[in-house]
Amino acid sequence: MTSRRGPLADTGSQLVRWLMLGGLALFALALVACDGDDDGDGTATATQATASPTPTEDGEDPEGTPAGPGPEAFTTPAPGEGPRSGGEIGEPASEDVIAALDIDVVPGGAGLPDGSGTVAAGSDVYATNCARCHGATGTEGGIGPRLVGEEGPWEPGKAITIGSYWPYAETVYDYIRRAMPFDAPGSLSDDEVYAVVAWLLAEEGIIEDDVELNAETLPQVRMPNRESFFACWPEECRPDVP
Ligand code: HEC
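Rendered as structure tokens:
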């Protein structure tokens, strides 16, 4: 039973097991080919399911179809019902569908929606929607990366956080509205996104606790790592490259 002997000693019996499995599979194939009755053996059912375009003849779900966690485990909207549902495949996208997808916010603030959010409100938004993956205070991380707790500008060896790394507050807004919560993107209101961005920036010491973020104030935020990012495409970067 030592771990050293285990794999070698098992080789023989594993071979026998594979041979038996191979035999079973051949037997099952023969059953399908002869259109014989399924004798209830799981191998035959599985082979039949892969070999025929419809899983079973009577239309029932084949046994063993993974049920997955129940719908209550996710906050994700059902297909076709989410705020950014693209409608049916093959149907032209409506103006509404396009508008719901056309949500980019760029440095300078173009694309920021109406609405606003405070740091205090953002604390609740964070606790409800983000803490389970990014940690109770955002410094821990978990399923998602840590979000706060490192000073910028970023340099090698420092953790990447919103304060240390992100060059623009506008794209923090864009990213969170577009992609977070990871399991329910698009589920936050514009105000909730303003609020949680405000809370994150306040946690990083970038804005005061009483600042309210909106389409006017958010572009005024100067991020600590701003200067580490620069636009130089195409000529200015590499004058040596023709
Ligand atoms: C179900 C887990 C989950 C939840 C809930 C969640 N996130 Fe995330 N988050 C992730 C994961 C995973 C990543 C990394 C995604 C990647 O790298 O593509 C991430 C990345 C991020 C990033 C980018 C970090 C960086 O610097 O690269 C930000 C910002 C962020 N999340 C904010 C939020 C906010 C705000 C909320 C709540 C509104 C939230 N997340 C909710 C899992 C989650």
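Residues are numbered in this note's numbering as their position in the sequence shown, beginning at 1, plus a constant of 2.
We put the beta carbon where it would ideally sit given N, CA and C, even for glycine.
Only a predicted model underlies this, so the values are computations on that prediction, with no experimental measurement involved.
Comparing alpha-carbon positions, the option among 199, 106 and 214 lying closest to residue 164 turns out to be 199. The count of Cβ pairs closer than 8 angstroms, one atom from the region 220-227 and one from the region 161-181, reaches three, so the stretches are in contact. Considering only 233, 96, 185 and 121, the residue with the shortest C-alpha distance to residue 134 is 185. Counted as a single uninterrupted DSSP element, the alpha helix (DSSP H) harbouring residue 203 occupies residues 192-205.
With respect to residue 193, residue 143 sits apart: the two C-beta atoms are not nearer than 7 angstroms. Taking 6 angstroms as the cut-off, one finds at least one heavy atom of the ligand HEC near enough to the beta carbon of residue 147.
Inside the region 85-133, DSSP marks whole alpha helix (DSSP H) runs of 4 or more residues at positions 97-103 and 121-131, from first to last along the chain.
In this chain, the alpha helix (DSSP H) harbouring residue 172 covers 171-181. Ranked by how close their Cα comes to the Cα of residue 110, the residues 212, 237 and 176 have 176 in first place. For residue 100 against residue 179, the beta-carbon gap comes to about 17 angstroms, at or over 8 angstroms, which does not count as contact. Remark: the C-beta of residue 182 is in contact range of the ligand HEC, defined as less than 6 angstroms to any heavy atom.
In the three-state DSSP reduction, residue 149 falls in the coil class, being neither helix nor strand. Beyond the five residues adjoining it in sequence on each side, residue 141 comes within less than 7 angstroms, by CB distance, of 148, 150 and 151 in the same chain, given in chain order. Taking 7 angstroms as the cut-off, the beta carbon of residue 230 is found closer than this to the beta carbon of residue 155. Between residue 201 and residue 121 the beta-carbon gap is near 5 angstroms, inside 8 angstroms, which marks them as a contact. Placement of the Cβ of residue 227 at a distance of 6 angstroms or more from every heavy atom of the ligand HEC is found.
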